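Written below as structure tokens is the structure these notes are about.
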Amino acid sequence: MYQVGNLVKELTEKHGRLRESLMPILQGIVERHSYLTDEAMVEVAKELDISAAEVYGTASFYTFLDTKVRGKYVIRICKTITCSMKGKGEIIETIEDMLKIKVGETTSDRMFSLLETNCIGWCHKAPAILINDLPYTELSPEKVVEIIKGYMHK
Amino acid sequence: MINLTINDQKTSVPAGSTVLDAAKKLNINIPTLCNHPDLCIAGNCRVCLVEQKGARTLIAACAMPVAEGMDIHTNTLKVRNARKHVVELLLSEHRSDCTKCYKNQKCELQSLANEFAFGDTIFLDLVEDHPYEIDRSSPSFMKDDSKCIRCQRCVRTCSELQYISAIAVANKGAHQKISSFHDRPMSHVVCTNCGQCVNRCPTGALVEKTYIDQVWDAIYDPEKHVVVQTAPAVRVALGEDLGYDPGERVTGKMVTALRQLGFNSVLDTDFSADLTIMEEGTELLTRLKKALVDGDKKISFPMFTSCSPGWIKFIEHKYPEFLPNLSTCKSPQQMFGALAKTYYAQKRKIDPSKIVSVSVMPCTAKKYEADRPEMRDSGYKDIDYVLTTRELAVMIKQAGINFRNLEPSHYDSIMGDSTGAAVIFGATGGVMEAALRTAYEIVTGREVPFNNLNITPVRGMEGVKEVTIKIEGCTDDWKFLEGAELKTAIAHGLTNANKIMRLVRQGKSPYHFVEIMACPGGCIGGGGQPIPTSMEIRKNRMKAIYSEDEHMILRKSHENPDVIAIYKDFLGKPNSHKAHELLHTHYVEREQY
């Protein structure tokens, strides 16, 4: 669990304190810390003078605004039909095997989370994954091992 | 004006009206669920679909503004099929254990299902697939998501009327739910327990936590002496749940019914409302004296009333820095509770451990208040069980009492006498009016300078009312107030309370004394009152409260004989040491979000 510290204040200074700043502020926190803690959401509520339930309501609507503990690197694998046809199953098995976690879980060192996602628009280069904001495409089991190794040594 | 036809009947309505408004004008019934007259338009349940000639799709009557020449049909095959499917889809996600449900026969979804007379439905029952748990954490109400149809009346109530937003819409699609902050139990979030959401929930998803069985158990226990008190607003609303029109006073019949239910003593919260005025009025005058004569810098204004437990929890959460401004007086319910197991027990020579103290309130927050750890000054739990107006109606029906045919009767003595000043506690502005009737007379020796004691400027449904009273002709003890202008304000509904609190926080409040009630209209519009409620219904109840006041012989709290007696025999004088021990309390700062 991270401490949100001054980040919310910095973000509200950047984006403003109006209701419409809620999204960019939440995105800013997730960009830095991968997910939203209760403390962070309460801090946002305080800064914008809205209720914490409203902040949670908004955050929980969006898949990419996670309110559960996530690792530093969130791997999202496309679960839709093209990626499935092009071997997404094997990719999942490889990652699960490598990180010793199942889909939906986070490694105990909080480095990686493995999640499924709806279509990310890379059907022509399936199978595809996202690691945080970066897409990786035309994956094979070998290729994905190399990519994740790269993150392990970052 | 806009001209349109509905079912080939011509009508014209002002621009900005909805198709639903126009239909109402023509007495054409269109079913609704998410729509509520107190709340903004949502248009999310789709039960009110109608057909507009020339339009591609069906339209939601509650959300569609009228347009010139519109040709609307509310009873076509397409409309009926669509509505039927909408209701069926809602039912597929609704736990339909109707016969066992607390809202059985009072559920708007059930009535619609009944209207459409479903036999077999083509949709799956999806309720069993969800791991629903009922949230029973609040002492005031329960939240059962398996009965929720996500109409969001509760969410709009909590944000628009109460400025709390303790609940919001979370998740999406099939997972959408009405949730507190991160799904925490309702007892652990900023909820004020006001029950306005309960009052507006069309199904059994939000209901009061009922203590009916515990009260029956106490009544049937020969060892117990069960006393009951009834709040001022109950007597002008109870009738609605027993077949009367809104605004009919049923005080005497209610007292008879309570006696027939088996309560050992039927007493009146109005007695302790009068007592509240003595304590709170004295507190206000003492604060003014300390500030103006002694120059005590610690005394800050305005002083806030403390009768409404929803408001208390609101200020504890949202404006804790102003807790010292709250009157230390307990609410009338709790003053009554502390005295029932001390003064009343002594007078009646009853062992207080054998007394079960029940109150009937228009309020769900009172259940929470009775559970507060501060409320045990008698040495026991001062109030054992709180019933809402609705629960009392249920008990009357359970007992098979034919309410209409009851002979009216009077409250029992000792803590049963009351004045008109106490009755009006039930309406917004009532506490202020009662306080002014007494305080003005203490200071000047004369009655308040209003026709027939009716301080009309503090009355009515305006959200925030401001009234300034010039004090003239003070007696010797109060000369320091000569010519002073007492500035007061009154707010009802927490959104309005928040407007005043913003001024106070900004240092812009000119007020000395502020009355705040958590619910719209005051207690007459309380979360424990009969369902439905609307502005019109609240106005009728309010009219009944003032008519009850006008019919009382005594209309000033300090003239209540039971109040005079208790000061003489037991408490000494207002704000005495003993009064402080039993009738005053303190407050707790709580989490802000």
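The listed protein sequences derive, respectively, from chains A and B. Every letter in the first sequence is one number past the one before it in the numbering used here, and letter 10, counting from 1, is 10. Every letter in the second sequence is one number past the one before it in the numbering used here, and letter 226, counting from 1, is 380. Cβ coordinates follow ideal geometry from the N, Cα and C atoms, glycine included. Note that the coordinates shown come from a computational prediction; the quantities given were computed from them, not determined experimentally.
Residue i at chain A interface by Cβ criterion, 8 Å
i: H471(B); result: no
i: N479(B); result: no
i: Q746(B); result: yes
i: N325(B); result: yes
i: I654(B); result: no
i: I321(B); result: yes
i: S292(B); result: no
i: I213(B); result: no
i: V344(B); result: yes
i: I625(B); result: no
i: S341(B); result: no
i: I303(B); result: no
i: S513(B); result: no
i: S333(B); result: yes
i: I318(B); result: yes
Residue i - containing alpha helix (DSSP H), residue span
i: I120(A); result: Taken as a continuous stretch (DSSP letters only), I120(A) belongs to no alpha helix (DSSP H), as it is neither H nor E.
i: L652(B); result: Per the sequence shown, residue 652(B) should be read as Asn rather than Leu. First-last of the alpha helix (DSSP H) with N652(B): 648-659.
i: M432(B); result: 423-446
Min CB distance residue i to chain B below 8 Å
i: S60(A); result: yes
i: S51(A); result: yes
i: D66(A); result: no
i: Y35(A); result: no
i: A45(A); result: yes
i: Y56(A); result: yes
i: K42(A); result: Per the sequence presented here, residue 42(A) reads as Val, with Lys not at that position. So yes, V42(A) belongs to the interface.
i: D133(A); result: no
i: D109(A); result: no
i: D97(A); result: no
Residue j beta carbon less than 8 Å from that of residue i
i: A575(B); j: I691(B); result: no
i: K46(A); j: Q316(B); result: no
i: G682(B); j: T543(B); result: yes
i: P516(B); j: A320(B); result: no
i: K301(B); j: R249(B); result: yes
i: I644(B); j: L590(B); result: no
i: I625(B); j: A638(B); result: yes
i: F667(B); j: M457(B); result: yes
i: G464(B); j: A519(B); result: yes
i: S334(B); j: V343(B); result: yes
i: D538(B); j: L421(B); result: no
i: Y136(A); j: I120(A); result: no
i: L193(B); j: R307(B); result: yes
i: I156(B); j: A221(B); result: yes
i: L187(B); j: V201(B); result: yes
i: C199(B); j: C305(B); result: yes
i: T346(B); j: L648(B); result: yes
i: E545(B); j: T364(B); result: yes
Continuous beta strand (DSSP E) stretch holding residue i: start and end
i: P135(A); result: 134-136
i: T459(B); result: Taken as a continuous stretch (DSSP letters only), T459(B) belongs to no beta strand (DSSP E), as it is neither H nor E.
i: K727(B); result: K727(B) -> no beta strand (DSSP E), and no H or E assigned at all.
i: S701(B); result: Premise fails: S701(B) lies in the alpha helix (DSSP H), 689-704, not in any beta strand (DSSP E).
i: A411(B); result: Premise fails: A411(B) lies in the alpha helix (DSSP H), 405-415, not in any beta strand (DSSP E).
i: T384(B); result: 379-384
i: L158(B); result: 156-160
i: S295(B); result: According to the sequence displayed, residue 295(B) carries Phe and not Ser. Its beta strand (DSSP E) spans residues 295-297.
Test: residue i CB closer than 8 Å to a CB of chain C
i: H336(B); result: The chain inventory of the structure shown lacks chain C, comprising the protein chains A and B.
For this session: Tell me the start and end of each unbroken alpha helix (DSSP H) in the stretch 9-54 of chain A that is at least 4 residues and wholly inside, in chain order.
Result: As far as the stretch 9-54 of chain A is concerned, its whole alpha helix (DSSP H) runs of at least 4 residues are 22-33, 38-48.
Exercise. How about the stretch 390-410 of chain B and the stretch 291-306 of chain B: do they share at least three Cβ pairs that are nearer than 8 Å?
Worked result: no
Exercise. What alpha helix (DSSP H) runs, 4 residues minimum, are completely inside the stretch 251-283 of chain B?
Worked result: 262-270
Problem set entry | Any beta strand (DSSP E) of 3 or more consecutive residues that is wholly inside the stretch 509-586 of chain B | 509-515, 539-542
Exercise. Taking the runs of the beta strand (DSSP E) that are 3 residues or longer, which of them lie wholly in the stretch 203-260 of chain B?
Worked result: Listed in chain order, the complete beta strand (DSSP E) runs (minimum 3 residues) inside the stretch 203-260 of chain B are 203-206, 224-227.
For this session: Please determine if the stretch 2-21 of chain A and the stretch 277-293 of chain B are in contact, where contact requires at least 3 C-beta pairs separated by less than 8 Å.
Result: no
Exercise. For the stretch 59-76 of chain A against the stretch 32-42 of chain A, are there 3 or more C-beta pairs whose distance is under 8 Å?
Worked result: yes
Problem set entry | Ranges of the beta strand (DSSP E) found wholly within the stretch 53-86 of chain A, counting only runs of at least 3 | 73-78
Exercise. Does the stretch 545-555 of chain B come close enough to the stretch 411-419 of chain B that 3 or more CB-CB pairs lie under 8 Å?
Worked result: Between the stretch 411-419 of chain B and the stretch 545-555 of chain B, the count of C-beta pairs closer than 8 Å reaches three or more; the two stretches touch.
Exercise. Do the stretch 70-82 of chain A and the stretch 128-143 of chain A make contact, defined as three or more Cβ pairs closer than 8 Å?
Worked result: yes
Exercise. Can at least three beta-carbon pairs, one atom from the stretch 367-387 of chain B and one from the stretch 669-689 of chain B, be found at a separation below 8 Å?
Worked result: yes
For this session: Tell me, please, whether the stretch 573-587 of chain B touches the stretch 697-709 of chain B by the rule of three or more beta-carbon pairs shorter than 8 Å.
Result: Contact between the stretch 573-587 of chain B and the stretch 697-709 of chain B is present, because at least three Cβ pairs lie under 8 Å.
For this session: Evaluate contact between the stretch 461-476 of chain B and the stretch 489-504 of chain B, counting only Cβ atoms and requiring at least three cross-stretch pairs below 8 Å.
Result: no
Problem set entry | Stretch pair the stretch 364-381 of chain B + the stretch 525-534 of chain B: three plus CB contacts closer than 8 Å | Contact annotation: the stretch 364-381 of chain B does not touch the stretch 525-534 of chain B, with fewer than three C-beta pairs closer than 8 Å.
Exercise. Does the stretch 492-499 of chain B come close enough to the stretch 439-454 of chain B that 3 or more CB-CB pairs lie under 8 Å?
Worked result: no
Problem set entry | At least 3 beta-carbon pairs within less than 8 Å: the stretch 250-257 of chain B vs the stretch 350-362 of chain B | yes
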